[in-house]
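Counting in UniProt numbering, the sequence shown tops out at residue 516, every number present.
Backbone N, C-alpha and C define an ideal beta-carbon position, used for all residues, glycine too.
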Amino acid sequence: MTASKNGAVDDQQRIDPRRNPGLLPVVVSRAVARAGWRHATRIIGQHWDAFAECAPQQLLEALKALPGEAFVEQPSYVVAANYLHQVVLGGDPAAFFNDGRFSTGAVDGKANLDTLVFLTGETAGARTNGRLEDARNAANRARDALRSMTPADRASIASDLPHLHFQWGRSLDAADAVGAIAEYEAAFNLGRLTDQPVIARRAASHVAWYHAERGRLRYAEMWLARATAEPATSGRYDVIYFLATALLGYDRGNKDADRQLSRALGLPLGEQWAAAVWLSALLETRDVGGFAQTQLDTELERHPEVLHDAGANSRYVRAAQAQLARIRPRMRIDHAPADPPTAFDRILMAAQASREGRYPDALAQSDEAIPQASAPRLQASALLLSAASHLALGHRGMAASAYRHADAIITREQLLSVYSVISPRTVSTLAEISGTPPQGGGHALAVADRPDLSAREREILALISTGMPMQNIASELFISPNTLKAGVRSLYRKLGVHSRQEAADAAKHIVEWPSP
Numbered sequence: 001m002t003a004s005k006n007g008a009v010d011d012q013q014r015i016d017p018r019r020n021p022g023l024l025p026v027v028v029s030r031a032v033a034r035a036g037w038r039h040a041t042r043i044i045g046q047h048w049d050a051f052a053e054c055a056p057q058q059l060l061e062a063l064k065a066l067p068g069e070a071f072v073e074q075p076s077y078v079v080a081a082n083y084l085h086q087v088v089l090g091g092d093p094a095a096f097f098n099d100g101r102f103s104t105g106a107v108d109g110k111a112n113l114d115t116l117v118f119l120t121g122e123t124a125g126a127r128t129n130g131r132l133e134d135a136r137n138a139a140n141r142a143r144d145a146l147r148s149m150t151p152a153d154r155a156s157i158a159s160d161l162p163h164l165h166f167q168w169g170r171s172l173d174a175a176d177a178v179g180a181i182a183e184y185e186a187a188f189n190l191g192r193l194t195d196q197p198v199i200a201r202r203a204a205s206h207v208a209w210y211h212a213e214r215g216r217l218r219y220a221e222m223w224l225a226r227a228t229a230e231p232a233t234s235g236r237y238d239v240i241y242f243l244a245t246a247l248l249g250y251d252r253g254n255k256d257a258d259r260q261l262s263r264a265l266g267l268p269l270g271e272q273w274a275a276a277v278w279l280s281a282l283l284e285t286r287d288v289g290g291f292a293q294t295q296l297d298t299e300l301e302r303h304p305e306v307l308h309d310a311g312a313n314s315r316y317v318r319a320a321q322a323q324l325a326r327i328r329p330r331m332r333i334d335h336a337p338a339d340p341p342t343a344f345d346r347i348l349m350a351a352q353a354s355r356e357g358r359y360p361d362a363l364a365q366s367d368e369a370i371p372q373a374s375a376p377r378l379q380a381s382a383l384l385l386s387a388a389s390h391l392a393l394g395h396r397g398m399a400a401s402a403y404r405h406a407d408a409i410i411t412r413e414q415l416l417s418v419y420s421v422i423s424p425r426t427v428s429t430l431a432e433i434s435g436t437p438p439q440g441g442g443h444a445l446a447v448a449d450r451p452d453l454s455a456r457e458r459e460i461l462a463l464i465s466t467g468m469p470m471q472n473i474a475s476e477l478f479i480s481p482n483t484l485k486a487g488v489r490s491l492y493r494k495l496g497v498h499s500r501q502e503a504a505d506a507a508k509h510i511v512e513w514p515s516p
């Protein structure tokens, strides 16, 4: 080996995205001069995982060090450079586009890495711009293209596949389409096999969130443990890790959930904005404040299309609105249910009908949702709403049966938060008539012992906690001062307090658990 080659090897060994990120473009430039651009692209590929997270600017500079011939021969590098420039450095996923000069339809012959990268750029661009059906189709075309390749061809691009699988999983996940978990798991497994811990941790974190959101908390725990076993990045790619940790903790009554959410909110949220809004709404009600509402309003100004779309983000926004409406009954909700309604739609409608005392309607919707629901969070919620409706209508035997079924699901996953889809008083009554106390010991009993406030009392409590003068509160609620005084007296009695400050303090300890 010549001295110059030894120098190149030494340079590669010294490259580190944290200690000396500027060395990568230098080494790539030298590699182009010494061994040609194809050798240089292999160096970029070896360092992509770590540099995309820690030093994206230097990674982009390394790509720019390639000669024009490289971009002509392998135009997928144009897509890669655009991704780094717009998404990673620009911080705006919606700015990503798949360069129109390079069409997947124009690729002749068998599929190769360029084919996969083009299709991945197409699915990512469609997803980040809200075209979820186009994103789903492009992801599935990419998966088909990969399956058409020979084992030897797939092996030759093994180090590229984790990132491609991950993007396909993101598109299928965002579109609520089948196959997301398989792609995330492939990204995780291949990331570990090819020694790319950043993509492995990201993929495991997304699997954990996927399961936690649906209430499969045992699987969520398992995948969070796998994510935790990979080196932490402390960057934007860990947003979903913190959100999954917060949701799991919230569902099980862990007081650390707020801190985990704060860690996520301290990073660029990117495509996770809607998931963060939903989780903020769940945790916001602990202090009956207005942060989540402000966050929701701000994000809806940025993403108005979500009000008319299907997919995961639309579901998160609707769940956040429903959660906030529980303490702000006059809040406007702009979404209409799907046609025909999904289990999620029916549970939201049943919960609203139950709160308004329309128990036959609540029973009809919840009973329709039960056979539709496949995830534990929705199953248990539908069963609890059915049990509460049966109880209100005098069907004690059917109420007890539905409650036992819901409690079995909650017990299996330790999904304690779902008890609060119905009122604490109703939980206590159902537990008594069924002989099945709520799970979770003191935490679940605390949920059952909360004051059962009316919608108007919750409105009054929310406004009292803001410090608004009583006269202004009466005007805000369109009621007379005497009516407000009567409402305040009832509120104080239920809270066991004697002053406005005590009521505001008590509000901080009222836990309003998730809407489905």
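For residue i, the three-state DSSP class (helix, strand or coil)
i           : result
G79         : In the sequence under discussion, the amino acid at residue 79 is Val, which differs from the Gly named in the question. Reduced to three states, the DSSP call for V79 is helix.
Q501        : helix
G125        : helix
K255        : coil
L393        : coil
R19         : coil
Q349        : The displayed chain sequence assigns Met, not Gln, to residue 349. Here M349 sits in helix by DSSP.
L146        : helix
residue 518 : With the chain running from 1 to 516 in the structure shown, residue 518 is simply not present.
H308        : coil
M468        : coil
A444        : Annotation note: pLDDT 49 at A444 (below 50); position unreliable, coordinate value reported separately. Helix, per DSSP.
R216        : coil
R326        : coil
F478        : coil
G68         : helix
F97         : Interpretation of F97 is limited by its pLDDT of 49, a score under 50 that renders its predicted location unreliable; the figure taken from the coordinates is listed afterwards. Residue state, collapsed to three classes: coil.
A55         : coil
P337        : coil
R14         : helix
T104        : Confidence at T104 is low in this model, with a pLDDT of 44, below 50, so its placement is unreliable and no value can be given for it.
D361        : helix
E61         : helix
A158        : coil
G45         : helix
T483        : helix
E512        : Since pLDDT at E512 reaches only 42, below the 50 mark, its modelled position is unreliable, and no value is offered.
E356        : coil
T342        : coil
L453        : coil
R34         : helix
Selected residue, minimal CA-CA separation from residue i, among the options
i           : options                   : result
G45         : N313, G249, L113 and R34  : L113
G36         : A70, P25 and R19          : A70
S401        : T411, K255, R412 and A388 : A388
T150        : E122, N472, K110 and S366 : K110
L161        : F188, S475 and D173       : F188
R326        : H303, I460 and I240       : I460
T436        : I409, E457 and S454       : I409
W278        : T411, S314 and A180       : S314
L477        : E457, R489, T411 and A504 : E457
residue 523 : R236, R396 and P337       : Nothing can be reported for residue 523: it is not among the residues displayed for the chain, which extend from 1 to 516.
A186        : A175, A177, R170 and P17  : R170
L146        : N137, L172 and T115       : T115
F166        : Y184, V239, G179 and D173 : Y184
residue 530 : L453, G394, E301 and G191 : Residue 530 lies beyond the stretch modelled for the chain, which goes from 1 to 516, so this question has no answer here.
A338        : L307, T411 and G179       : L307
T123        : R259, A33, A431 and A174  : A174
8 Å Cβ cutoff, residue i in contact with chain B
i    : result
S499 : Absence of chain B from the displayed structure is noted, only one protein chain being present.
beta-carbon residue i near the ligand ATP non-hydrogen atom, thresh 7 Å
i    : result
A312 : By its list of ligands, the structure shown contains no ligand whatsoever, and the ligand ATP lies outside what it can speak to.
Touch test, the segment 154-165 against the segment 124-136, Cβ-Cβ under 8 Å, three pairs minimum: no
* Asked: What are the uninterrupted segments assigned as alpha helix (DSSP H) that are 4 or more residues long and contained completely in the segment 227-304, given in chain order?
  -> 239-251, 257-265, 273-284 and 291-302
| message | Quick check: the segment 362-379 against the segment 196-204, are at least 3 beta-carbon pairs closer than 8 Å? | response | no
Per the contact definition of three or more C-beta pairs closer than 8 Å, is the segment 366-386 in contact with the segment 213-229? yes
Q: Could you tell me whether the segment 411-423 touches the segment 459-473, where touching means 3 or more Cβ pairs closer than 8 Å?
A: no
**Asked** Pairing CB atoms from the segment 51-64 with CB atoms from the segment 23-31, are three or more of them under 8 Å?
**Response** yes
Margin query: So within the segment 366-439, which uninterrupted alpha helix (DSSP H) runs reach at least 4 residues, ignoring any that extend past its ends?
Written below: 376-392, 396-413 and 424-434
_the segment 261-274 in contact with the segment 423-436 per 3-pair CB rule at 8 Å_ = no
- Task: Please go through the segment 170-221 and give each complete alpha helix (DSSP H) segment of 4 or more residues, from N-terminal end onward.
- Result: 180-193 and 197-214
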